Amino acid sequence: MRLIRNTHAIGRLSLILLLLIAFTVGAFLSYLWEIGYIMKLGISVPENPTVDITNIVFPYQDTSFFNVTIQCPTSYESEETAKITQIVVLTNNNTHVRNVTEVNPSLPYKFPEKGVSETFKCIWNWANYTGETVGIVAFLEEGTGPTFQTETRLVNLSIKDARFNSMISVTHFNITVQNAVVSETYVNITDIVVTANGIKQNVTEITPIPWTLNPGDTQDFNCVWDWTDYQNTSVTVAVHTLQGYMNYTIQTTPLPVTLNITEILFNVANTSYFSVNVTNNETSPTYVNITRIAVDIGNLTVREWTVENGTYVNPAIPYTLDSNSSATFVCPWNWTEHRDKNVTVVVDTLQGFTTWRTQVTPPP
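Just so you know, this note's numbering puts 266 at position 266 of the sequence shown, and the rest follows in order with no gaps.
In structure tokens form, the structure reads like this:
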């Protein structure tokens, strides 16, 4: 009876030992398989040289360049160091490639040893891509390097309004410029440029520039530019800053004011005056204020009437001449000594419009 019990006890012990051995061997084999899988996925190192982009800086006070820091890692098999041949920028959701043509240190660049980093100054104007996500790619001699996604500095400079008003003047216009609250830096307005019929012109500003606009600031600029010859014309007004940020707007100037001298009358029976008829065409978009009438012979002004002495003219000046209307002005001037001469009568307005007509005075 005792022998049977001993035999059963030995059998149970053997079974337990076998189970323990099987569990240990299985766990060890599973561990080896798992380690091998992990090593295959994560620890396998590349054979050819590669690089890592570790930092990109877009300086918010200068949009003409950016800095990119690139490292030549030690985690590849080849003993050769990486050689960078080109750096490009990807814009518009990585659909457009912008080549960086000037880089310092210059390309191609070979790292002196593995494990070191180099910062490259890349000349590329990113003023039109403020606040956007761009990709930076470093091309290697052995192939394409990594792509680093980053966001440029946000500066929202806008022209809120451009006002061409022929009722006020054709010798200047006004614009309102704003630096948005969300902008990351101030800007200095340095230039306002008008392009009309393909011709660019820097305009002279009454408001002194450079003018500093902090984030959230708005400023009106009174720009001196004679747009008489550009009425009813599409013009582009662009604002430039010291930092490189810019914006523009396209406007169509008002319809032309058509001011004409339709008649000059020299009365041979009375040489102490002459009369001039002035018409503001029906298509003119605004009235005009006549502020000066002058008589020129050659390059010399021999007689003129202005706001200061306009009461000598009938009707007196300044005189408001509405659209689709005309007025005849009687101007005192003894033209006895100027018979049979080419006489030019000039009419000026407060708004900057000018018209003139040349006529020969009666002979002696």
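C-beta: ideal position from N, C-alpha, C; glycine also. As the structure is a prediction and not an experimental result, all values here were calculated from the model.
The beta-carbon distance between residue 74 and residue 55, rounded to whole angstroms, is 19 Å. This is too long to meet the 8 Å contact definition.
If the five residues before and after residue 257 are omitted, its C-beta is found closer than 6 Å to the C-beta atoms of 166, 284, 353, all from its own chain and listed in chain order.
DSSP places residue 220 in the strand class (E or B) of the three-state scheme. Taking every protein chain shown into account, the CB of residue 129 has 16 or more other CB atoms within 10 angstroms, so this residue is buried. Between residue 178 and residue 218, the C-beta gap is smaller than 8 Å, which places the two residues in contact. By the criterion of a C-beta distance shorter than 6 Å, residue 286 is surrounded in its chain by 166, 167, once the five residues flanking it on both sides are discounted. In the three-state DSSP reduction, residue 229 falls in the helix class (H, G or I). If you draw a straight line from the Cα of residue 141 to the Cα of residue 83, it is about 6 Å long.
Runs of the beta strand (DSSP E) lying entirely within the region 275-335 and spanning at least 3 residues, in chain order: 288-297, 300-305, 319-321, 325-332. Within the same chain, and ignoring the five residues on either side of residue 305 in sequence, the residues whose Cβ sits closer than 8 Å to its Cβ are 292, 293, 294, 312, 313, 317, 331. For residue 268, the closest C-alpha among the options 260, 139, 360 is that of 360. Look at residue 151 here: in three-state DSSP terms it is strand.
Here residue 247 is bridged, per DSSP, to 239. For the pair residue 252 and residue 232, the Cα-to-Cα distance works out to about 6 Å. Partner residues in the beta bridge of residue 122, as assigned by DSSP, are 66, 103. Shown here, residue 60 sits in coil according to DSSP, grouped into three states, outside any helix or strand. Check the Cα spacing between residue 138 and each of 153, 193, 126, 67: the tightest is with 67.
Contact between residue 210 and residue 186 fails: their C-beta atoms lie close to 11 Å from each other, not under 8 Å. Each residue's CA atom was taken as its position, placing residue 108 and residue 86 some 7 Å apart. Sequence-distant partners of residue 132 (beyond 5 residues in either direction) whose C-beta falls short of 8 Å from its own C-beta, in its chain, are 91, 151, 152.
DSSP, read as helix, strand or coil, puts residue 196 in strand. With 16 or more other Cβ atoms from the protein chains shown falling within 10 Å of its own Cβ, residue 49 counts as buried. In the structure shown, the three-state DSSP call for residue 129 is helix. Residue 209 is bridged by DSSP to nothing; it lacks a bridge partner.
Under the three-state reduction of DSSP, residue 79 is assigned to coil, being neither helix nor strand. Excluding its 5 nearest sequence neighbours in each direction, residue 297 has C-beta neighbours in its own chain below 8 Å: 338, 341, 342, 343, 344, listed in chain order.
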